Amino acid sequence: METADRTQPAEVEARTERLREKIATLREQMRRMEQIGEGLKQQPDGQLSLTDPDSRSMISQAKGTGLVGYNVQAAVDTKHHLIVAHEVTNVGNDRAQLSRMAGAAREAMGKRRLQAIADRGYFNGPEILACSEAGIAALVPKPMTSNAKAEGRFSKNDFIFIAKDDEYQCPAGERAIFRFERLEDGLVVRIYWSSACPPSHYRRIRRWEREDVLEVMQRRLDRQPRSMTLPRRTIEHV
């Protein structure tokens, strides 16, 4: 062992040189990561693609996985099954696409009024309002996100809104009255509850100031229950 320490075989020198090269490479990678980190701070959505700067991470059908790419939008004429409008966006969801795509489809078909059918992923109050104001009748089912029924509670759908009184009637016949309004995610939301419940059990009901537009759309959906089968026969093929 002493002889080996004194002589420093050639393989030891070679190993030492390889380690120096690895350390230099790692330091260079660290400097590169620091530069990328600085660039990432400038991105409003916290994403940065090194191969395609415009692409973004999109949630895939498989749970917990994603794909770096683009979100392709398309509108199909349900009579002839032809693509009448399409768009490519790097926004990872469809919630802000309804009015733009419906408007593009109406313009392409030369229609004054239009009925636009879309799946739950497009449900967005301001987008449905924009369609209504543009003369486009949207049909978009509301996502079922409430855990109320699973937890043994009434859901908001069990409360009846009395428009003339600006109150909600609960399943027990009590009235939830307007208390105050506030801004939530950029929307003006009105808050209601009933004093008939103990203070610790107040059930607050939130109502968007233009929820009447969503209620009109829901009535359209109730009258046309088979309308939601159309996407499976048209746009889903695309």
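FYI, in numbering that gives the first Met the number 0 the residues of the sequence shown are 0 to 237.
Quick reminder that beta carbons are idealized off the backbone N, C-alpha and C, glycines included.
Owing to the predicted nature of the structure, the values given are computational and were not obtained by experimental measurement.
Own chain residues within Cβ distance below 6 Å of residue i, not counting five before or after
i	result
R112	G134
A136	Q114
R206	R189
L186	W207
T77	L229 and T233
8 Å CB neighbourhood of residue i in its chain, flanking five on each side removed
i	result
S59	G65 and L66
M57	G65, L66, V67, G68, Y69, N70 and G91
V237	A73, V75 and I82
I204	K155, F158, Y167, A175, I190, Y191 and W192
I161	Y167, Q168 and R174
E183	R205
N89	D53, S54, R55, Y69 and N70
S226	I116, L138 and L220
G45	L39
K141	R119, F122, L213 and Q217
Simplified DSSP assignment, three categories, for residue i
i	result
S59	coil
T144	coil
Y121	helix
L213	helix
N92	coil
Q34	helix
A149	coil
I234	coil
Q28	helix
D53	coil
L47	coil
A103	helix
A171	coil
D157	helix
E208	coil
R178	strand
Chain-order list of residues whose beta-carbon lies under 7 Å from that of residue i (same chain, five-residue window excluded)
i	result
C196	R202
D118	P230
M100	Q72, A74, A84 and E86
Reference residue i, options the options, closest by Cα
i	options	result
E214	I159, T77 and R181	I159
L49	L182, M32 and I82	M32
P43	Q34, R55 and Y121	R55
G109	G45, A84 and G36	A84
D93	H80, V139 and S131	V139
P230	K148, K21, Y121 and R99	Y121
E86	Q168, G102, H79 and T77	G102
Counted within 10 angstroms of its Cβ, other Cβ atoms place residue i as buried (16 or more) or exposed
i	result
F179	exposed
S273	Coverage of the chain is limited to positions 0 through 237, which leaves residue 273 absent and any answer about it impossible.
L128	buried
M29	exposed
A104	buried
A175	buried
I16	Correcting the residue type first, residue 16 is Glu in the shown sequence and not Ile. E16 should be labelled exposed.
M143	exposed
Presumed contact (8 Å Cβ cut-off) between residue i and residue j, rounded CB distance
i	j	result
G165	F177	Before going on, a small fix: residue 165 reads as Asp here, not Gly. Correct: roughly 5 Å between the Cβ atoms.
G124	R209	7 Å
S131	V212	5 Å
T228	H80	Their Cβ separation, rounded to whole angstroms, is 14 Å, which puts T228 and H80 out of contact at 8 Å.
A95	E126	6 Å
L47	I35	7 Å
Neighbour flag for residue i against chain C, beta carbons, 9 Å
i	result
E126	Note that chain C does not occur in the displayed structure, where there is just one protein chain.
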